[in-house]
Amino acid sequence: MRIFLEQMLNGLTIGSFYALIALGYSMVYGVMKLINFAHGDLFALGSYLGFTLLVWGNAYVTSRIGLAGGMIAAMLIAAIGIGLAGIIVERIAYRPIYPAGRLPAVVSALGVSIFLENIIMVTWGPRYQAYPVSVVPTLRFEISGIHITLLQIVILILSFVLLAILYYIIQKTTFGAAIRASALDRDTAALMGINIETVIFFIFALGPALGGTAGVMVGMYYRQISFTMGWNYGLKAFTATILGGIGNIPGAMLGGLLLGIIEMLGSAYISTAYKDVFVFLILILVLIFRPRGLLGEKVAENV
Amino acid sequence: MKRIKFLLVISVLVLALGVASLGVMAADKPPVVIGLQGPITGALAYEGEMAKQSCEIAAQLINEEGGILDGRMIEIRIADDAFEPKAGALAAMKLISQKDVVASVSTYGSSVCEPASNLYEKFKKVNIAYGATHVRLTERGLKYFFRTCGIDSAQGIFFADYVPRVFGAKRIAIMHDNTTFALGVAEETKKALQPKVDAGEVEIVYYDAITPGEKDFSVPLTKVRETHPDVLYFTGYYPEAALVVSQARDIGIDCPFVGGNAAINDEFVKIAGIEKAKGCFMTQEPMPAELPYPESKVFLDAYKAKYGEIPSSPWPVYAADALNIIAYAIDKTGSTDSDVLAEYLRNEVDGVPGVTGPIGFTEKGNREGVPYLMYVVNEEGGFDIYNK
Chain U
0 MRIFLEQMLN GLTIGSFYAL IALGYSMVYG VMKLINFAHG DLFALGSYLG
50 FTLLVWGNAY VTSRIGLAGG MIAAMLIAAI GIGLAGIIVE RIAYRPIYPA
100 GRLPAVVSAL GVSIFLENII MVTWGPRYQA YPVSVVPTLR FEISGIHITL
150 LQIVILILSF VLLAILYYII QKTTFGAAIR ASALDRDTAA LMGINIETVI
200 FFIFALGPAL GGTAGVMVGM YYRQISFTMG WNYGLKAFTA TILGGIGNIP
250 GAMLGGLLLG IIEMLGSAYI STAYKDVFVF LILILVLIFR PRGLLGEKVA
300 ENV
Chain B
0 MKRIKFLLVI SVLVLALGVA SLGVMAADKP PVVIGLQGPI TGALAYEGEM
50 AKQSCEIAAQ LINEEGGILD GRMIEIRIAD DAFEPKAGAL AAMKLISQKD
100 VVASVSTYGS SVCEPASNLY EKFKKVNIAY GATHVRLTER GLKYFFRTCG
150 IDSAQGIFFA DYVPRVFGAK RIAIMHDNTT FALGVAEETK KALQPKVDAG
200 EVEIVYYDAI TPGEKDFSVP LTKVRETHPD VLYFTGYYPE AALVVSQARD
250 IGIDCPFVGG NAAINDEFVK IAGIEKAKGC FMTQEPMPAE LPYPESKVFL
300 DAYKAKYGEI PSSPWPVYAA DALNIIAYAI DKTGSTDSDV LAEYLRNEVD
350 GVPGVTGPIG FTEKGNREGV PYLMYVVNEE GGFDIYNK
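Chains U and B are the protein sequences, given in the same order.
Okay, so the first sequence: first residue is 0 according to numbering that gives the first Met the number 0, each after it adds one.
Okay, so the second sequence: first residue is 0 according to numbering that gives the first Met the number 0, each after it adds one.
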């Protein structure tokens, strides 16, 4: 029971990373019908931006505004920076080729992914980089046999707050309704007076911004980052998106959390070596038996 | 104008010939040429450069003593393999095709060494590896292949003897990452521990692999924790080692952490953080600074005089010893024939003093008795020999 609870907690933590990244995939797919394969690398770029800020001037930021301040500053900078990067990517790599159809855009997304990965390698070097210990809380405690770190709690709370805010924006505000309407039917939404341009701008800023924040969280949680990390997290988050129902915002959140838990419990009770197998087995099963995902309304297209 | 140019060319040629013949005249005997194949460029160029410098110092020391075979000087010919198996084969061919190259010091890295040594074997040229520790290399029955560096199994034997004895550890957890190297060390350790397991002195409570490149080890580490080990031995590489130790401490594994000879370095300390890195142990070949032999002192003094600092990794000095033992064998046998040399190295060389201690080879071509030491990470993130 103790181990079960501990693994649930670990699963929720990595699940919340997946959920935050998955939202970017889902929002972009919902409105654009485009799988943004560059999203994972935007996430990695966010991780590196946070890293640069925190190690800059020998933890100058942390020493001035404290541990919590440094963490929040890093996440904010990563969110803003990656939000901007997302908009730039859309302008340069996607917008000019929309008229050519959806497949060229996917190829372009793959190109952006390779481009970003190499940009990171050239800028920060091919070696592993490490978030210094001094910029993250190291406190750990034991509650009736369950080991948990302060950082884990902070990450869980922060990501749930972010998920809740996004949920509120999408489901309860007028602008959220506009996004959902665009996802349902772009042309009709445009006829109803919804400014599609603004919606696209917004999702390409918000999705990557959340991904960038997750990048900083992953960096702080594992403290080790590499320029290739975007691909793996990208694939997992993409699986989470499919699991929850692509294009569906609450679905992406649910899919991410579920995937994290499945991954952890699977490796705890079956085999660690098959950790990634569980994830991609789920992708295959969902695609075969329930292609629209758990909460999805529409059938996911093969791309 | 044309005529002047022609004359100029002729005079330059004459001059060049003259200088060349002068050179030949100056050295009354032709040099003995020994090849050095190593990563002179590429990702591990640092290692290659130190190996080159080490061989040059070793040759310089021999030449200052009057060379070998009654006054013949040693000359080193370099072939760059860039730490790539393909380039390694080309570098080997480059040295093989030069008829005056007697034997070769070759090379750093098991994966590069393997194809290269096959070529040396095919063309019958003695080659001595200085940084290729995989067990399989000497299991292929090669006649001309030797190595001055250690072998992965020796590390396991060292661990099996040292840890139960010095740490008093009874419950041992072994973790590897399924790479050929790490699995090799783990298996050899398990094998070496077996007699003690049979005698009931120790128990291997955990033996499993993690996935390299993975970042989250909380699940395997939870399993390790439930076995209540006295010591955790991780035989993989430093990126995972740092995360393993960091996450192990977070979930409440407080037993000593021992890393293999690829697990702990400056990067490990950086990633794990000094708080968690200090007090971690590693099983490792002696660093050059800690070599206790008179030959080491002479060598390192000469190296330092020329390059300012002694080599910062264990491997370059093994390259120097590879060169030393080739020179020694040529001198003693009076021959540069590959068969004579290989025969001599395998059967006659025993306890010849070298920079890294007495040199001798087993039937398979392994170095006899390479010492291992237990190092511990100190408060500043440096590495001290653990004396207890």
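For each residue, glycine too, the CB sits at the ideal point set by N, CA and C.
Can you check DSSP and say which residues form a bridge with residue i?
i       : result
R76(B)  : G34(B)
D383(B) : V375(B)
E202(B) : R170(B)
I145(U) : I142(U)
H175(B) : A208(B)
R71(B)  : I67(B)
Q59(B)  : Answer is none; Q59(B) lacks a bridge partner.
Q128(U) : I224(U)
Just curious, the alpha helix (DSSP H) that residue i is in, first and last residue?
i       : result
Q170(U) : L149 to K171
V243(B) : Y237 to D249
N323(B) : W314 to T332
R185(U) : R185 to L190
F200(U) : I195 to Y221
V354(B) : Note, V354(B): premise wrong, no alpha helix (DSSP H); not H, not E.
T240(U) : M228 to G243
I273(B) : I273 to A276
Please tell me whether residue i has its Cβ less than 8 angstroms away from any Cβ of chain B.
i       : result
A182(U) : no
Y47(U)  : no
V132(U) : yes
K274(U) : yes
S266(U) : yes
A129(U) : yes
Y221(U) : yes
N35(U)  : no
M263(U) : yes
E141(U) : yes
N117(U) : no
T271(U) : yes
I13(U)  : yes
I260(U) : no
Which class does residue i belong to by DSSP, given the choice of helix, strand or coil?
i       : result
I263(B) : coil
V23(B)  : Summary for V23(B): the model assigns pLDDT 46, below 50, so the residue's position carries little reliability; its value from the coordinates is reported in the next sentence. Three-state result, V23(B): helix.
T271(U) : helix
H133(B) : coil
M0(U)   : coil
G258(B) : strand
I252(B) : coil
R179(U) : helix
R90(U)  : helix
A128(B) : strand
I'd like the list of long-range same chain contacts for residue i, defined as Cβ closer than 7 angstroms, with 5 residues on each side in sequence excluded.
i       : result
P249(U) : Y166 and L294
R4(U)   : The question names Arg, but residue 4(U) in the sequence shown is Leu. Contacts found: I145.
V32(B)  : E74, R76, D99, V100 and V101
H227(B) : R170
Within its chain, find whatever has a CB closer than 8 angstroms to the CB of residue i; leave out the 5 residues flanking it on each side and keep chain order.
i       : result
S20(B)  : Caution applies to S20(B), whose pLDDT of 46 falls short of 50 and renders its modelled position unreliable; the model cannot decide the point.
G368(B) : G356, P357 and G359
T221(B) : I250
A301(B) : I56, Q59 and L60
K195(B) : A159, P163 and V201
E289(B) : L372 and I384
E196(U) : none
Can you find a C-beta in chain U that's less than 8 angstroms from the C-beta of residue i?
i       : result
V376(B) : no
K269(B) : yes
K217(B) : Sequence check: residue 217(B) is Ser here, not Lys. So yes, S217(B) belongs to the interface.
K214(B) : yes
A208(B) : yes
L182(B) : no
T221(B) : yes
By Cβ distance, which residues of its chain are closer than 6 angstroms to residue i, with the 5 residues on each side in sequence left out?
i       : result
M24(B)  : Reliability fails at M24(B), whose pLDDT of 44 lies under 50, so the model's placement of it is uncertain and no value is given.
A182(U) : G29, V30 and G246
L182(B) : H175
N346(B) : none
G22(B)  : Bear in mind that the predicted position of G22(B) carries a pLDDT of just 45, short of 50, making it too unreliable to give a figure here.
Tell me the residue span of the beta strand (DSSP E) that contains residue i.
i       : result
E141(U) : R139 to I142
K231(B) : Before going on, a small fix: residue 231(B) reads as Leu here, not Lys. Segment V230 to F233, the beta strand (DSSP E) holding L231(B).
A102(B) : V100 to S105
M281(B) : F280 to Q283
P144(B) : The question names Pro, but residue 144(B) is Phe in the sequence shown. Unbroken beta strand (DSSP E) run through F144(B): F144 to R146.
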